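Below you'll find the structure, written out as structure tokens, and then a few comments.
Have a look at this one:
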């Protein structure tokens, strides 16, 4: 646009235009070219999910190598050993859920951008924090009171994904 010229849009043009589709990972809402970048946020869920599964496998292998010793980590029934097993399962299971979260995005696209991004970040935070809190609690029992933080992150992400799925079902898109 040249300097000195004004841009005018009539109110009827604005009212008659359709609301643009906004994608969670998009840099420019409503831009059809932004579809290529739609997976930007989701790709982090997928990457973190695979890293979580690898970490869960390594942790499981490490625990498994020591498992036959009855006294290792306080014995089979001790809180320390239970927390270590939970860390292994949490890393692996939340890794899988993060990959699923990043690959099934249809429901998140039915939501406002802030909700989709919040869900993605919350799922990544839960997938990262839960195994860390489990490991920390295994060595410092008082840290078990941090469990609500990653659990709330995962719960929020799942509620947001369910919200998007319900909206997708109701709109029939």
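In our numbering, the protein residues as written are 616 to 788. Heads up, the beta-carbon is just placed ideally off N, CA and C, and yes, glycines get one too. Computed from a predicted structure; not experimentally measured.
(request) Check whether the Cβ atoms of residue 745 and residue 766 lie closer than 9 Å to each other. (result) yes
(message) Mapping the DSSP letters down to three states, classify residue 722 as helix, strand or coil.
(response) coil
(message) With a threshold of 6 Å on Cβ separation, who are the neighbours of residue 779 within its own chain once the five nearest residues in sequence on each side are excluded?
(response) 722, 723, 725, 726
(request) Report yes if the CB atom of residue 706 is closer than 9 Å to the CB atom of residue 656, and no otherwise. (result) no
(message) Going by beta-carbon coordinates alone, are residue 742 and residue 764 separated by less than 9 Å?
(response) no
(message) When you compare the CB positions of residue 776 and residue 729, do they come within less than 9 Å of one another, or not?
(response) No Cβ-Cβ contact shorter than 9 Å links residue 776 with residue 729.
(request) Whole angstroms is fine: what's the gap from residue 715's alpha carbon to residue 661's? (result) 8 Å
(message) Would residue 875 and residue 664 qualify as a contact pair, given that the criterion is a beta-carbon distance under 9 Å?
(response) Nothing about residue 875 can be read from this structure; the chain reaches only from 616 to 788.
(request) Leaving aside the five residues before and after residue 708 along the sequence, list all residues of the same chain whose C-beta is less than 8 Å from its C-beta, in chain order. (result) 671
(request) Kindly list the residues whose CB is nearer than 6 Å to the CB of residue 768, restricted to its own chain and excluding five residues on each side of it in sequence; keep chain order. (result) 737, 740, 741
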